[in-house]
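Under the numbering used here, the residues of the sequence shown are numbered 38 to 197, in order.
Here a beta-carbon is modelled for each residue, glycine too, at the ideal position from N, C-alpha and C.
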Amino acid sequence: MLDEQAKKTLLRKIPHGLYICGVKGNDELNGFTASWVMQSSFQPPMIVTCVRGDSGSHAAIEQSGVFTISFLDSNQKEIAAKFFKPQRIVGDKLADVDYITGPETGCPILTDSLGYVECKVVGSLKNGDHTVFLGEVIGAKVYREGEPLLLEATGWQYGG
38 MLDEQAKKTL LRKIPHGLYI CGVKGNDELN GFTASWVMQS SFQPPMIVTC
88 VRGDSGSHAA IEQSGVFTIS FLDSNQKEIA AKFFKPQRIV GDKLADVDYI
138 TGPETGCPIL TDSLGYVECK VVGSLKNGDH TVFLGEVIGA KVYREGEPLL
188 LEATGWQYGG
């Protein structure tokens with residue numbers, strides 16, 4: 038028998054960074070705060086990210102087959118909060134944020150970040166309310182050094 042409280046407590050103890058995942062689709066650019074991101078291979082270099090299946094960003098990744106991950110620093114909680122909200126509610130999340138479009142993917146990259154990776158989707162797994170996208174890293178750049186923003190440092194909870 039599954040103890041719901043124990044499950045929730047323990048799953049929330051898995052450490053997570055906070056990132057901005059940039060996407061493009063239907064001639065629109067968007068981004069969302071991602072916390073379920075990890076490296077999955079050295080050769081070729083790959084990461085996985087999990088995206089809510091009913092989101093516009095999910096549809097954009099499926100359509101374009103690409104995404105970016107901008108690495109936030111420990112002082113960028115406000116940016117992470119802004120990108121947590123759905124685009125249909127807040128409008129253009131990129132309107133007052135400095136960004137470029139990735140040279141390899143055309144997806145948005147926050148220039149005031151630690152750096153970024155650009156990814157080409159090479160696999161996915163749909164199961165539950167999120168899809169796991171496997172992305173091969175096809176571009177990367179470091180903008181500056183710093184400590185990454187961690188979910189547990191924000192006082193927020195996403196998981197469980």
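Along the chain, where does the beta strand (DSSP E) containing VAL134 start, and where does it finish?
For the purposes of this step, residue 134 is taken as residue 97 along the sequence shown, with counting starting at 1. Looking at the DSSP string, VAL134 is not in any beta strand (DSSP E), and its letter there is neither H nor E.
Once the 5 residues before and after PRO81 are set aside, which same chain residues still bring their CB inside 7 Å of it?
To locate residue 81, count along the sequence shown from 1; it is residue 44. Once the five neighbours on either side are set aside, the close Cβ partners of PRO81 are GLU173.
Between the Cα of THR105 and the Cα atoms of THR46, TYR153, ILE137, which residue gives the shortest distance?
For the purposes of this step, residue 105 is taken as residue 68 along the sequence shown, with counting starting at 1. Among THR46, TYR153, ILE137, the Cα nearest to that of THR105 belongs to TYR153.
Nearest-angstrom Cα distance between THR204 and LYS44?
Since the first and last residues shown for the chain are 38 and 197, residue 204 lies out of range.
How long is the line joining the alpha carbons of ALA97 and GLY160, rounded to whole angstroms?
As a first step, residue 97 must be located in the sequence shown, where it is residue number 60. As a first step, residue 160 must be located in the sequence shown, where it is residue number 123. Answer to the nearest angstrom: the Cα atoms are 15 Å apart.
Keeping to the same chain, check which residues put their C-beta closer than 6 Å to that of ILE57; ignore five residues upstream and five downstream.
The residue given as residue 57 occupies position 20 in the sequence shown. Excluding residues within five positions, the ones whose Cβ falls inside 6 Å are GLY68, SER107, PHE120, LEU147.
At 3 residues or longer, and completely inside the stretch 77 to 134: list those beta strand (DSSP E) runs for me, N to C.
83 to 89, 103 to 108
State buried or exposed for ALA190, treating a residue as buried only when at least 16 other CB atoms are found within 10 Å of its CB.
Locating residue 190 in the sequence shown gives position 153, where the first residue counts as 1. That one is exposed.
Leaving out five residues before and five after VAL88 in sequence, what residues of the same chain have Cβ atoms less than 7 Å from its Cβ?
Position 51 of the sequence shown, counting from 1, holds the residue named residue 88. So the qualifying residues of the chain are SER94, HIS95, ILE98, HIS167, THR168, PHE170.
Beta-carbon separation of CYS16 and VAL74 under 8 Å?
Residue 16 is absent from the model: the chain starts at 38 and stops at 197.
Measure from the alpha carbon of ASP110 to the alpha carbon of each residue in LEU188, TRP193, TYR195, then state which is nearest.
Here residue 110 corresponds to residue number 73 of the sequence shown, with the count starting at 1. Nearest of LEU188, TRP193, TYR195 to ASP110, Cα basis: LEU188.
Tell me whether GLU155 is buried or exposed, calling it buried when 16 or more other Cβ atoms sit within 10 Å of its Cβ.
Position 118 of the sequence shown, counted from the start, is the residue given in the question as residue 155. When all chains shown are included, GLU155 counts as buried.
Roughly how many whole angstroms lie between the Cα atoms of ILE84 and TYR180?
In the sequence shown, counting from the first residue as 1, residue 84 sits at position 47. In the sequence shown, counting from the first residue as 1, residue 180 sits at position 143. ILE84 and TYR180: Cα-Cα distance of roughly 20 Å.
Output the distance between the C-alpha atoms of VAL127 and LEU39, rounded to the nearest integer angstrom.
Counted from its first residue, the sequence shown places residue 127 at position 90. Counted from its first residue, the sequence shown places residue 39 at position 2. The straight-line gap from Cα to Cα measures roughly 37 Å.
Determine the direct distance from the alpha carbon of GLN124 to that of ILE116, and round the result to whole angstroms.
The sequence position of residue 116 within the sequence shown is 79, counting from 1. The sequence position of residue 124 within the sequence shown is 87, counting from 1. Taking the straight line joining both Cα atoms gives about 14 Å.
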